[in-house]
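K.L.:
In terms of the working numbering, the sequence shown has 328 at position 348, counting the first letter as 1, and numbering is strictly consecutive.
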Amino acid sequence: VRIAPISALTNVQGSYDESPRRRFIIGIALGALGIVALVSGLSAPAIQLVGLGAFAIFIGVGMLAPLVARPMSGAIGRPLAAVFGIPGKLGRKNSMRSPRRTAQTASALMVGLALVSTIAVFGASVSKSTTSSINDALSADYIVMGATAGGPLLGFSATAATTVGRVPGVTSITAVSGGQFEFQRSVVNVAALAPKDLTQTIILRIQSGSVDAALTGGQLLIDSTVANNLHLHVGSIVNATFAETGPTTVRIGAIFKPNQLLGSYVVGDGFFHSHFAANALPFALLLRTSGGVSASTTNAIKEGLASYPNLKVQSRAEFITTQQASVNKLLGLVYALLALAVLIALIGIVNTLMLSVFERTHEIALLRAVGMRRRQVRSMIRTEAVILSVFGAVIGIVVGTGLGVALAESLKHQGITDVVVPTSSLIVFLFLAALMGLGAATWPARRAARLNILDAIAVE
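Structure representation (structure tokens):
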């Protein structure tokens, strides 16, 4: 509706886009609002604000992309022009000719790679945090758990602890049991430990109170996050309800720093069995050995527990690998879904290049008439495609990396203790984007190279 009727009488194509100044102002405003929401979400922390800020930043960057399309295309295309000569220079000029079209074509790839980069940063942070959390929470050499096959943790016979205690080299054993109870009107998980040899298998960093006194005295240990959120301290009396024994009051005996292995609530095994079923079973055994992890010790423990076929023996390193594998499996599914978004973006690049070939039929024919070879025409189209792909990839990776860092930071209270930027993976993404752009140019490049020169010159 913005096309003026007089345009039909001329061969000059007008521009009917909104002014660059208006686009610049709106893009800057949205980007600024997104940054404010992002910073507020990180300060709260509130992941909802982080998500809202990320969305606004996406829109703002998309609106500002045409403003940087020309200089970025020129910079990206300069080495290509040096490699491919005249065809490379023409491809660079074509990508710089219409910054709006360049930005729009690359926008889908930009969004796709931004999401991929966000997940890459988040996944690397989760993987590193898993390793750090287990190393910070566990000093045991071996972990014995029920074989769950991906399901919930299952309890096993308490006699397994006695049996493994007879294995030569095993010096300390901590049985970990668990259940649920109502605490401050919320249903939470609680871990039960015996105070004996606890320091040999578990790292429990106490901020206030005494571990031994709390575990033996039937008191509750909570982590500092719960204590700060509920304004509790050592000596506080709180209400609790157990399914077996009903409502009661519990005294806070100690406050510890967050421990990802145990959770936020810990009690002694005596208190646990008095409020839960008498046959409540352990779900893990933490073992400390005199010689550390070795093949002979591992075999000895497995042979000692041969009568318990449902138990799985893992070293601490194997346990960490298992936890990371479950995270990587979920991330693999997300990557597969994001790959579809990238594929759709490549189809958009193919469509744009095909339209560009049709629109420049006369121009391409003139180039062929003055001596450009078919191979050079293909090089020109491929150069343009690589510039489009790399342009979208660079912006997407930069934005996605920033949002991934923000996402990981906003989840620090949910167990993301380390923020990691996988630089090598991001470089691979950029390289793959260039290759995918090269592949996307195959069909348009063949179409342009096969144009009949005489027929194409006659096209008006």
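The C-beta atom is built at its ideal place from N, Cα and C for all residues, glycine as well. Being a predicted model, the structure only gives us computed values, none of them experimental.
Thinking C-beta only, is Arg358 closer than 9 Å to Ala425?
P.N.:
The sequence position of residue 425 within the sequence shown is 445, counting from 1. The sequence position of residue 358 within the sequence shown is 378, counting from 1. A Cβ-Cβ contact shorter than 9 Å links Ala425 with Arg358.
K.L.:
If you compare alpha carbons, which of Pro51, Ala194, Ile433 and Asn219 is closest to Gly351?
P.N.:
Position 371 of the sequence shown, counting from 1, holds the residue named residue 351. The shortest C-alpha separation from Gly351 is found at Ile433.
K.L.:
Leaving aside the five residues before and after Pro175 along the sequence, list all residues of the same chain whose C-beta is less than 8 Å from its C-beta, in chain order.
P.N.:
By 1-based counting over the sequence shown, the position of residue 175 is 195. Once the five neighbours on either side are set aside, the close Cβ partners of Pro175 are Val191, Asp192, Leu195, Thr196 and Gly248.
K.L.:
Can you list the alpha helix (DSSP H) stretches of 4 or more residues lying completely in the segment 213 to 271, in chain order?
P.N.:
249 to 255
K.L.:
If you measure between the beta carbons of Ser216 and Thr181, is that distance less than 9 Å?
P.N.:
Position 236 of the sequence shown, counting from 1, holds the residue named residue 216. Position 201 of the sequence shown, counting from 1, holds the residue named residue 181. Against a cut-off of 9 Å, the Cβ pair of Thr181 and Ser216 comes out as no contact.
K.L.:
For Met360 and Gly68, I'd like the C-alpha separation in whole angstroms.
P.N.:
Residue 360 sits at position 380 when you count from the first residue of the sequence shown. Residue 68 sits at position 88 when you count from the first residue of the sequence shown. Cα to Cα, Met360 sits roughly 6 Å from Gly68.
K.L.:
Quick check: the Cα distance between Leu241 and Ala94, rounded to an integer number of angstroms?
P.N.:
Taking the sequence shown and counting its residues from 1, one reaches residue 241 at position 261. Taking the sequence shown and counting its residues from 1, one reaches residue 94 at position 114. Answer to the nearest angstrom: the Cα atoms are 32 Å apart.
K.L.:
Start and end of the beta strand (DSSP E) containing Ile153?
P.N.:
As a working mapping, residue 153 is identified with position 173 in the sequence shown. Segment Val150 to Phe163, the beta strand (DSSP E) holding Ile153.
K.L.:
Please classify His255 as buried or exposed, where buried requires at least 16 neighbouring CB atoms within 10 angstroms.
P.N.:
Indexing the sequence shown from 1 puts residue 255 at position 275. It is buried - the Cβ of His255 has at least 16 other Cβ atoms within 10 Å.
K.L.:
Closer than 7 Å by C-beta to Leu47: which residues in its own chain qualify, once you throw out the five before and the five after it? Chain order, please.
P.N.:
Here the question's residue 47 lines up with position 67 in the sequence shown. Within the same chain, Leu47 has close Cβ partners Pro0 and Phe4.
K.L.:
Do you know offhand how far Asp116's Cα is from Asn331's?
P.N.:
Numbered from its first residue, the sequence shown carries residue 116 at position 136. Numbered from its first residue, the sequence shown carries residue 331 at position 351. Approximately 52 Å between the Cα atoms of the pair.
K.L.:
Using a threshold of 9 Å, state whether the C-beta atoms of Gly189 and Ile232 are closer than that.
P.N.:
Taking the sequence shown and counting its residues from 1, the one referred to as residue 189 is at position 209. Taking the sequence shown and counting its residues from 1, the one referred to as residue 232 is at position 252. In this structure, Gly189 sits near Ile232, with a CB-CB distance shorter than 9 Å.
K.L.:
Between Thr229 and the rest of its own chain, which residues show a CB-CB distance below 8 Å, the 5 nearest in sequence each way excluded?
P.N.:
Looking up residue 229 in the sequence shown gives position 249. For Thr229, where only same-chain residues beyond five positions count, the Cβ hits under 8 Å are Ile217, Val218, Asn219 and Ala220.
K.L.:
Is it the case that the Cβ atoms of Gly135 and Ser157 are separated by a distance below 9 Å?
P.N.:
Within the sequence shown, the letter at position 155 stands for residue 135. Within the sequence shown, the letter at position 177 stands for residue 157. Cβ atoms of Gly135 and Ser157: closer than 9 Å.
K.L.:
Whole angstroms are fine: how far does the CA of Leu184 sit from the CA of Ala321?
P.N.:
As a working note, residue 321 is residue 341 in the sequence shown. As a working note, residue 184 is residue 204 in the sequence shown. When rounded, the distance between both Cα atoms is 45 Å.
K.L.:
Under 7 Å Cβ to Cβ from Ser521, same chain only, skipping five residues before and after it: list those, please.
P.N.:
The structure shown does not extend to residue 521, since the chain is modelled only from -19 through 440, so no value can be given for it.
K.L.:
Just grab the DSSP bridge partners of Gly189 for me.
P.N.:
As a working note, residue 189 is residue 209 in the sequence shown. Looking at the DSSP assignment, Gly189 forms a beta bridge with Ala234.
K.L.:
Quick one: what's Val293 bridged to in DSSP?
P.N.:
Numbered from its first residue, the sequence shown carries residue 293 at position 313. DSSP output for Val293 lists Val124 as bridge partner(s).
K.L.:
Using three-state DSSP, classify Pro171 as helix, strand or coil.
P.N.:
Taking the sequence shown and counting its residues from 1, one reaches residue 171 at position 191. Here the sequence assigns Ala to residue 171, which means Pro is not the residue at that position. Ala171 falls in the strand class under three-state DSSP.
K.L.:
Starting from Ile114, trace the beta strand (DSSP E) in both directions and tell me its first and last residue.
P.N.:
Position 134 of the sequence shown, counted from the first residue, corresponds to residue 114. Taken as a continuous stretch (DSSP letters only), Ile114 belongs to no beta strand (DSSP E), being part of the alpha helix (DSSP H) at Pro79 to Ala117.
K.L.:
Suppose the cutoff is 6 Å on Cβ atoms and the five residues either side in sequence are ignored; what does the same chain contact list for Thr403 look like?
P.N.:
Counted from its first residue, the sequence shown places residue 403 at position 423. Excluding sequence neighbours, Thr403 sits near nothing in its chain.
K.L.:
For Ile182, which of helix, strand or coil comes out of DSSP?
P.N.:
Here residue 182 refers to the residue found at position 202 when the sequence shown is read from its first residue. It is a strand residue.
K.L.:
Taking Ser113 as the reference, which of Ala234, Val385, Thr98 and Gln394 has the closest Cα?
P.N.:
Your numbering for residue 113 matches position 133 in the sequence shown. Considering only alpha carbons, the answer is Gln394.
K.L.:
For the pair the segment 303 to 312 and the segment 97 to 109, tell me if three or more CB-CB distances fall below 8 Å.
P.N.:
Touching, per the Cβ criterion.
K.L.:
With DSSP as the reference, label Leu200 as helix, strand or coil.
P.N.:
Start at 1 with the first residue of the sequence shown, and residue 200 comes out as number 220. Three-state result, Leu200: strand.
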